[in-house]
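Here the sequence shown is numbered in the working numbering, starting from 450 and rising by one per residue.
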Amino acid sequence: MLELESVSVDYGAVKAVQSVSLRVEEGEVVALLGPNGAGKTSLISAVMGIVPVSSGTIRFAGQDVTFASPEDKVRKGIGISPEGRRVFSNLTVAENLQLGASAQPDKAVRAEQLAKYLEMFPILKQRYRQKAGTLSGGEQQQLAISRCLMSRPRIVMLDEPSLGLAPVIVEKIFDLIAELKASGLTILLVEQNANEALSIADRAYLLHSGRLRFEGAAQDLFNSDDLMTHYMGVG
Ligand code: ATP
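Dropping the structure here:
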């Protein structure tokens with residue numbers, strides 16, 4: 450469904466992503482792991498069209514989308530839940546969710562989507578008229594994810610959904626990701642929380658200093674003490 454071929458991202462002299470090839474098949478959960486500064490956010494920002502690709506090709510559903518605008522990519526079915534749970538703090542939960550669906554012209558479809566995600570994320574139903582900035586970290590993360598899902602993406606890229614959350618909330622977020630996986634959604638999961646991500650992913654890529662160091666079954670990376678210790682600082 451999503452295919453990257455030798456993609457590089459440069460910020461002036463900084464080579465953030467160097468010739469990375471990666472694919473995500475329909476219905477798969479693929480983990481993109483790596484320590485701070487590895488290039489994970491740069492890579493998915495390039496997929497979204499938020500930062501330019503300096504070389505390489507990005508294909509989505511068989512089409513070359515390397516130079517498509519972010520708006521075009523949203524229309525084609527690529528969704529992103531950015532790092533740092535960027536919700537609009539001064540808008541209510543309801544308004545944040547409506548913004549996520551703004552590209553969807555059909556009112557009935559929008560209402561259906563809203564009902565679906567309020568059921569999946571009951572806390573958002575309880576906080577519906579509350580300003581997003583008053584939500585807890587875990588609640589904001591749920592809002593960021595559901596806002597992204599409101600655009601009905603075919604693939605969703607989640608950028609560090611567990612970052613900065615208490616362990617019990619991290620568990621809840623991963624339960625939700627498992628639920629999304631069970632519903633058939635295709636997911637590219639960017640995480641530093643390697644063990645949790647690998648327990649849910651089908652396949653995994655390990656990025657370090659902008660280069661791929663591993664690609665394969667999530668279980669194989671999970672079992673590779675050497676790689677995990679060397680690149681992720683966990684054993
Ligand atoms: P983190 O988990 O800390 O967000 P990451 O794996 O997502 O890390 P990136 O944020 O993609 O990594 O950063 C990769 C490299 O590119 C880093 O060296 C970073 O300092 C650099 N970088 C990121 N954004 C910019 C920018 N706008 N201008 C210059 N350099 C940047």
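No residue lacks a Cβ here, since even glycine has one placed at the ideal position from N, Cα and C.
All figures in this text were calculated on a predicted structure; none of them were measured in a lab.
For residue i, the residue or residues it bridges with in DSSP
| i | result |
| --- | --- |
| I604 | I527, T635 |
| T541 | K580 |
| T402 | Outside the modelled stretch of the chain, which goes from 450 to 684, sits residue 402, for which no answer is possible. |
| H657 | R660 |
| A566 | Before going further, note that residue 566 is Tyr rather than Ala in the sequence given. In the DSSP output, where bridge partners are listed per residue, Y566 has none listed. |
| Q512 | F509 |
| E640 | L482 |
| Y460 | V463 |
Assigned exposure category for residue i - 16 Cβ within 10 Å defines buried
| i | result |
| --- | --- |
| V617 | exposed |
| R578 | exposed |
| N644 | exposed |
| E609 | buried |
| G684 | In this prediction, G684 scores a pLDDT of 46, lower than 50, which makes its location untrustworthy; the coordinate-derived value is nonetheless stated afterwards. The residue is exposed, with fewer than 16 neighbouring Cβ atoms inside 10 Å. |
| R576 | buried |
| T583 | exposed |
| T678 | exposed |
| F516 | exposed |
| G511 | exposed |
| V473 | buried |
Beta-carbon separation (whole angstroms), residue i vs residue j, contact threshold 8 Å
| i | j | result |
| --- | --- | --- |
| A653 | L670 | 5 Å |
| R626 | G587 | Before going further, note that residue 626 is Ile rather than Arg in the sequence given. The Cβ separation is near 13 Å, so there is no contact. |
| L638 | V523 | That pair is no contact at about 19 Å. |
Enclosing alpha helix (DSSP H) for residue i [first to last residue]
| i | result |
| --- | --- |
| F663 | Counting along the chain, F663 falls outside any alpha helix (DSSP H), though it belongs to the beta strand (DSSP E) covering 660-666. |
| T490 | 489-497 |
Unbroken beta strand (DSSP E) run spanning residue i, endpoints
| i | result |
| --- | --- |
| V467 | Going by the sequence as given, residue 467 is Gln instead of Val. 463-473 is the extent of the beta strand (DSSP E) around Q467. |
| L762 | This structure gives no information on residue 762, because the portion of the chain shown stretches from 450 to 684. |
Would you call the region 456-474 and the region 488-508 touching, i.e. three or more CB-CB distances under 8 Å?
yes
Spell out a yes or no on whether the region 532-541 and the region 551-568 are touching, meaning 3 or more CB-CB pairs, one atom from each, closer than 8 Å.
no
Three CB pairs or more closer than 8 Å across the region 466-482 and the region 655-665
yes
Go through the residues and name those whose CB comes closer than 5 Å to any heavy atom of ligand 3, in chain order.
Summarising the ligand content, the structure contains ligand 1 and does not contain ligand 3.
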